[in-house]
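J.:
2 protein chains.
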Amino acid sequence: MQFINVKDVAAHCNKQINLRGWVRNYRKASSQLRFVIFRDGTGEIQMVADKKRMGEDRFDKVKLLNIEASLWVMGIPRAHQIRKNEYELELLDLQVIGEAVDYPIAKKEHGPDFLLSHRHLWLRSRRQYAALKIRHTVYYAICDYLNRNGFYRFDSPILTPNASEGTTTLFQVPYFDQGYAYLSQSGQLYLEAGIMSLGRVYDFGPVFRAEKSKTRKHLTEFWMMDAEAAFVEHDENMQIQEELIRYVIRTVIKNNGRELEILERDIETLQKSDAPFQRLTYHEAINLLRAKGIAISYTDDFGANEEEIITAGSAVPFFVERWPKEIKSFYMKRDPLNPKLALGADLIAPEGFGEIIGGSQREDDYDLLLERITSEGYSIEDYQWFLDLRKYGSVPHSGFGIGLERLVQWMTGIRHIREVIPFPRMINRIYP
Amino acid sequence: MQFINVKDVAAHCNKQINLRGWVRNYRKASSQLRFVIFRDGTGEIQMVADKKRMGEDRFDKVKLLNIEASLWVMGIPRAHQIRKNEYELELLDLQVIGEAVDYPIAKKEHGPDFLLSHRHLWLRSRRQYAALKIRHTVYYAICDYLNRNGFYRFDSPILTPNASEGTTTLFQVPYFDQGYAYLSQSGQLYLEAGIMSLGRVYDFGPVFRAEKSKTRKHLTEFWMMDAEAAFVEHDENMQIQEELIRYVIRTVIKNNGRELEILERDIETLQKSDAPFQRLTYHEAINLLRAKGIAISYTDDFGANEEEIITAGSAVPFFVERWPKEIKSFYMKRDPLNPKLALGADLIAPEGFGEIIGGSQREDDYDLLLERITSEGYSIEDYQWFLDLRKYGSVPHSGFGIGLERLVQWMTGIRHIREVIPFPRMINRIYP
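If you read the protein sequences in the order shown, they are chains A and B.
No gaps in the numbering here: position 76 of the first sequence is 140 in the numbering used here, and each next residue is one more.
No gaps in the numbering here: position 395 of the second sequence is 459 in the numbering used here, and each next residue is one more.
See below:
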């Protein structure tokens, strides 16, 4: 028996086909007529069960259906009478493959804790389904852009040695007789070794933060893409990021119209983001915030509130660049025009979705990097390999990191980060 | 100033160009003539420095070059006089960007421990560079095949709750006040939840084994692709695997001719692997081993030796299918023709590269799965969410897992697994 996917029914209009999938929902229209929403992972279709056409025996099977039962169905796709490019399935016969008695996620509202404890089932809900399809698109749009621009995948290790930066937000793992290993928070330093071989590299894997935050923006395990490129300096670094993000926006709009609709995402607003990004220096950003009445000094970092004010009313993201060196990492290169500043840039998404990229040109001078490692109180021994990269054929280079979930939040318009990853891990959540 | 990549020199033949990269090596041909092998991550080119043509000052700079110094160079690509499609660069001028005094990895032989301690530099070596480029190709060939066949990326969690399967090979991580989390060994169980929403899913991320093995086949951290598909049964599962692996072989041969050459990989042998795979039942495999004089009983698992004997003389991989249920996992479906067997199949690569895929049809019946969980002594509570998948709309389904590094070993012909991952982690190795 040949089976068709819901996404392909148009090609089989008015022909008898077989499908396999699940009952999303059903509705009794009259004693003679029922509607069943059927889904199979590739799409959804409304099945029309007409007692007169099916016969009583087969219609009785429809009457017994439960939400989330799995089915084989036989029917004929018909063009929808009103809605263009939509199809209904005239149901001829069906058979239940797997029952679903008292499916726990009913139509009523459930609290987040209940839903998270049933994440293995909640995933089937329409919004979760749509969010994960868009996550897939975002992931590969990032990879496609990088692959076509000379970057090679270079998987950084997750288990990393003693990080002298302090271990308060690091997960610690006993590692044989080597003491402890720590779960990676970013593969960047390793990528800097990779570019010396491959020119341009990136990783894209899970990273971990043992932060005790309980906000809707925090996960303890999330996915991060870090990219690094030899001979790329600060301005070109931002240019690459802008092109990449605009490519992601275009790809999501092109591939996921149906899913954006399910999520009631404002596509027009998203479309407007695919335009030249804004650039502000940190100094300009502070001035802007002060002009809007925010009390902030010239060495403060930004919180969610500041990020929202900066991007307010803008459809495109903002780069905020050239930060005070004190609030940025030791490996960032100093601004040659002002050594008090670091050549770093954060990219802030519009609509309140916050920082989605952090990037910078990296310090490529051995002595300056050594001085910074020392003045931060880090151990030279721990960083000797990283210093070596400045000792043997150092080159100017830059890189940036994209938090996948933050970017998917922006694309989908979903406010809580827990809904854009299959099994979210939070401070109080490790199951299922 | 515009810069060209080495891979693009052909398009600039006989025109003056600028390049940036590193000195791979140099050779003095005479007092007037030097050859410098120059690399930039996109490829390698031999530069010809002729004192008469360059002038003494510029030639003197060539004489001072060190291995792995980074350079800007100006020159003119010329077609190689003998070798077709090869180019040399007639050197006009150069400038050192970053020195490299006494680069530690010289031409002499180094022991594996020295090389692993200098992995951040060893990566630049020609074989390591080639292996990582092929790793990139293999990774995306797998993703491409899956994406074009209806699979969605579905990132399984790395931090997983108490696994009652026993914790001897699990890395254990203190997790806030939730007790311990464990680093994932496979995302399969989570993918089984994913297919009920998306139909076909896969993950592709790091997995962890706290095994005390020190062989050339073991890493404590490696990359695994797990795929899972609703409505796919045992035979179709093998068919998908075969198509996928043959697609990977073709893609590597197509994209990485130069790298396979660097690695002296026998391409003809690899090419012959892109042909219909062999299938043996476990029973047949045992008979074959016995016929070759191996003492093995009908419930033994295979080791590297058995795998080599089974595939000896074959250019194509072997599926060994329908294993005694006792030596396979609890979640595998029983063979309906013989309930003592599990519908699992291992795929064994030729040329002694061992198992590269393990897969099976999964048990989809609630009661049978419950019985197996109980008889293994596992806790029902831990697996309740997994059992739920058989309670609400269960469907026949199958899946398989590919060890990325094993597959890259086969493609590259590299015998030691530590050379096919950027920063290998082993029992005694966590640095750099």
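C-beta atoms are modelled at their ideal positions from N, C-alpha and C, and glycine is treated no differently.
Nothing here was measured: the structure is a model prediction, and the numbers come from that model.
Verify the CB distance criterion: does L223/A have a CB-CB separation below 7 Å to chain B?
T.: yes
J.: Which partner residues of K92/B appear in the DSSP bridge assignment?
T.: R98/B
J.: Leaving out five residues before and five after G162/A in sequence, what residues of the same chain have Cβ atoms less than 7 Å from its Cβ?
T.: A133 and S134
J.: Looking at the ligand FAD, does it come within less than 6 Å of I437/B, judged from the CB to the closest heavy atom?
T.: This structure lacks the ligand FAD, and indeed carries no ligand of any kind.
J.: Tell me whether L158/B sits in a helix, a strand or coil according to DSSP, three-state version.
T.: strand
J.: Going by beta-carbon coordinates alone, are H184/B and A293/A separated by less than 7 Å?
T.: Cβ distance not < 7 Å, so H184/B and A293/A don't count as in contact.
J.: Can you name the residues of chain A whose CB is closer than 9 Å to the CB of M260/B?
T.: For M260/B, the residues of chain A that pass the 9 Å Cβ criterion are W86, G105, E132, S134, H184, L185, L187 and R188, in the order they occur in the chain.
J.: Check this for me: beta carbons of K356/B and I373/B, under 7 Å apart or not?
T.: yes
J.: Please confirm if F219/B has its CB atom under 7 Å from at least one CB of chain A.
T.: Here the sequence assigns Asp to residue 219/B, which means Phe is not the residue at that position. Judged by the 7 Å Cβ criterion, D219/B is in contact with chain A.
J.: Quick one: any contact between the segment 277-295 of chain A and the segment 112-124 of chain B, if contact means 3 or more CB pairs under 8 Å?
T.: no
J.: Please look up how many angstroms separate the CB atoms of W136/A and N82/A, rounded, as I've assumed it's under 8 Å.
T.: Right, the Cβ-Cβ distance comes to about 7 Å (below 8 Å), so this counts as a contact.
J.: Going by C-alpha distance, which of M138/A, I140/A, V100/A and V202/A is nearest T476/A?
T.: V202/A
J.: Restricting to runs no shorter than 4 residues, where is the alpha helix (DSSP H) found entirely within the segment 243-291 of chain B?
T.: 252-262
J.: Let me see if you follow: with CB-CB separation under 7 Å, is A257/A close to chain B or not?
T.: yes
J.: Exposed or buried, E328/B, counting other C-beta atoms within 10 Å across all chains shown (16 or more means buried)?
T.: exposed
J.: Taking the alpha-carbon of I478/A as reference, which of V316/A, Q192/A and I420/A has the nearest alpha-carbon?
T.: Q192/A
J.: Are the segment 377-389 of chain A and the segment 255-269 of chain A touching, with three or more C-beta to C-beta distances below 8 Å?
T.: no
J.: Going along the chain, which residues of its own chain have a beta-carbon closer than 8 Å to the beta-carbon of K224/B, five neighbours each way excluded?
T.: It is worth fixing the name first, because residue 224/B is Thr in this sequence and not Lys. So the list reads A245, Y246, L247 and S248, once near-sequence residues are dropped.
J.: Are the beta-carbon atoms belonging to V70/B and F235/A less than 7 Å from one another?
T.: Not closer than 7 Å, so no.
J.: Exposed or buried, F67/A, counting other C-beta atoms within 10 Å across all chains shown (16 or more means buried)?
T.: Answer is exposed; the Cβ neighbour count stays below 16.
J.: Helix, strand or coil: how does DSSP classify R398/A here?
T.: strand
J.: For Q408/A, collect the residues of the same chain with a Cβ closer than 6 Å to its Cβ; drop the 5 residues on either side in sequence, then sort them by chain order.
T.: The question names Gln, but residue 408/A is Gly in the sequence shown. Taken in chain order, the residues that qualify are W387, K392, M396 and S424.
J.: Who are the Cβ neighbours of W474/B in its own chain at under 6 Å, not counting the five residues just before and after it?
T.: Cβ neighbours of W474/B beyond the five flanking positions: A413 and F417.
J.: Report all residues from its chain with a CB closer than 8 Å to the CB of N319/A; omit the five preceding and five following residues, and keep chain order.
T.: Excluding residues up to 5 positions away in sequence, T201 lie with their Cβ nearer than 8 Å to the Cβ of N319/A in the same chain.
J.: Sort D410/A, S337/A, P496/A and L434/A by Cα distance to A368/A and report the nearest one.
T.: Nearest option by C-alpha distance: D410/A.
J.: D219/A and S250/A: beta carbons closer than 7 Å?
T.: no
J.: Using the C-alpha atoms, what's the distance from L153/B back to Y90/B?
T.: 14 Å
J.: Is the distance from the Cβ of V87/A to the Cβ of Y151/A below 7 Å?
T.: no
J.: Name the DSSP bridge partner or partners of A376/B?
T.: Paired residue(s): none; A376/B is not in a bridge.
J.: What residue from D399/A, A359/A, I304/A and T315/A has the CA that sits closest to T345/A's CA?
T.: D399/A
J.: Name, in chain order, the residues that DSSP records as bridge partners for N130/A.
T.: Partner(s): none; N130/A has no beta bridge.
J.: Just curious, the alpha helix (DSSP H) that T315/B is in, first and last residue?
T.: H298 to N319
J.: What is the C-beta distance between E483/A and A164/A, in whole angstroms, given that I count them as a contact (C-beta under 8 Å)?
T.: With 8 Å as the limit, E483/A and A164/A do not qualify as a contact, their Cβ atoms being about 23 Å apart.
J.: At which residues does the alpha helix (DSSP H) containing L185/A begin and terminate?
T.: R183 to W186
J.: Please go through the same chain and pick out, in chain order, the residues whose beta-carbon is closer than 7 Å to the beta-carbon of A274/B, but skip the five residues on each side of it.
T.: T233, L234, F235 and T284
J.: Have a look at R142/B and A75/B and give me their C-alpha separation to the nearest angstrom.
T.: 11 Å
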